[in-house]
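Peer 1: In this note's numbering, the protein residues as written are 854 to 1051. All residues carry an ideal CB built from backbone N, CA and C; glycine is no exception.
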């Protein structure tokens, strides 16, 4: 559902990208009760020295690090929730980049080059993902129950992402709470389709 674009002039290592991707995924899932299957993160490297990033009307030649999250919004998701999430993402950035120095950086230049300039959220209107029309924010409970048969069918066709989503729904208490009749299944991942008929 959300797409996070991490624009970075600081040269992140594979380990730093993985650390940050895991943190953003977990933070979004915890904040909005979202299966991790739906959290997308794209790292977009940029050389700030090319003079294409401006701040205060001047080119930023040492740093263009910023993160843009394209997310679903609703009255039940107040700005304060996004403010708190942005602060946690900012902290995750610094934890990731301070874990080790990026390739080719000298320590004297690292402080400004590591700085995260902004975290921004922009609302999405609609989205189709994985063959499903995604619900409005905070309307996931009935939607997820209705999608379980499709998710199970995709899993049985060998699509591992769907198998992982079923496992996550089975294991996470917050997601189990969104799915009606889940508790009545003897083996949740392989419930009969009649449970999900709507």
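Could you tell me which of 885, 984, 1029 and 913 sits nearest to residue 928, measuring between CA atoms?
Peer 2: 885
Peer 1: By the 10 Å Cβ neighbour count, where 16 or more other Cβ atoms means buried, how is residue 1043 classified, buried or exposed?
Peer 2: Confidence at residue 1043 is low in this model, with a pLDDT of 43, below 50, so its placement is unreliable and the value that follows should be read with caution. So residue 1043 counts as exposed.
Peer 1: Cα-Cα, which of 949, 1024, 937 and 924 is closest to residue 874?
Peer 2: 949
Peer 1: Where do the N-terminal and C-terminal ends of the beta strand (DSSP E) with residue 947 fall, by residue?
Peer 2: Where residue 947 is concerned, there is no enclosing beta strand (DSSP E), although the alpha helix (DSSP H) it sits in stretches over 932-950.
Peer 1: Can you give me the C-alpha to C-alpha distance between residue 1024 and residue 991, rounded to a whole angstrom?
Peer 2: 20 Å
Peer 1: Residues in its own chain within less than 6 Å of residue 930 by CB, not counting five upstream and five downstream?
Peer 2: 990
Peer 1: Give a yes or no on whether the C-beta atoms belonging to residue 978 and residue 880 are separated by under 8 Å.
Peer 2: no
Peer 1: So is residue 1029 buried or exposed if we call it buried at 16+ other beta carbons inside 10 Å?
Peer 2: exposed
Peer 1: Measuring only the C-alpha atoms, how far is residue 905 from residue 916?
Peer 2: As the crow flies, the alpha-carbon of residue 905 is around 11 Å from that of residue 916.
Peer 1: Roughly how many angstroms lie between the CA atoms of residue 967 and residue 926, to the nearest whole one?
Peer 2: 30 Å
Peer 1: Keeping to the same chain, check which residues put their C-beta closer than 6 Å to that of residue 856; ignore five residues upstream and five downstream.
Peer 2: 893 and 923
Peer 1: Following the continuous alpha helix (DSSP H) through residue 881, name the residue where it begins and the one where it ends.
Peer 2: 867-885
Peer 1: Give me, in chain order, the residues of the same chain whose beta-carbon lies closer than 7 Å to that of residue 1015; leave out the 5 immediate sequence neighbours on both sides.
Peer 2: 1004, 1007 and 1008
Peer 1: Restricting to Cα atoms, I'd like to know which of 890, 1001, 936 and 965 is closest to residue 973.
Peer 2: Comparing Cα-Cα distances from residue 973 to each of 890, 1001, 936 and 965, the minimum goes to 936.
Peer 1: Drop a sphere of 10 angstroms on the beta-carbon of residue 944, count the other beta-carbons inside from all chains shown, and report buried for 16 or more, exposed for fewer.
Peer 2: Classification of residue 944: exposed, given that the 10 Å Cβ count is below 16.
Peer 1: Can you give me the start and stop residues for the alpha helix (DSSP H) that residue 998 sits inside?
Peer 2: 993-1009
Peer 1: How is residue 968 classed by DSSP in three states: helix, strand or coil?
Peer 2: coil
Peer 1: Determine the closest residue to residue 861 out of 947, 1020, 1027 and 1010, with distance taken between C-alpha atoms.
Peer 2: 947
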